[in-house]
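One structure below.
Residue numbers (our numbering): 11 to 86.
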């Protein structure tokens, strides 16, 4: 396993070399559990933006869904 952390964003690279039949999810789980909530959210958002671009969309189109139309007092 090797770790590299020399980019401006302080990205962390962790590698494991194994035969595919010996691979399991423990390596991935340990890595993501070692990351902060903000780092996990940033990685997930990066995947959302990448997928949207692959479909021909612009990242400027991405935003939170707005499903509330109006607020009002309950009658009664």
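Glycine included, each C-beta is placed from N, C-alpha and C at the ideal position. In this text the structure is predicted, and so the values were computed from the model without any measurement.
The C-alpha of residue 72 is placed about 8 Å away from the C-alpha of residue 62. Per DSSP, residue 24 is one residue of the beta strand (DSSP E) stretching across 23-25.
Take the alpha-carbon of residue 77 and the one of residue 34: they are about 40 Å apart.
Per the coordinates, the alpha-carbon of residue 85 lies some 18 Å from the alpha-carbon of residue 79. Judged by DSSP in its simplified three-state form, residue 60 adopts helix.
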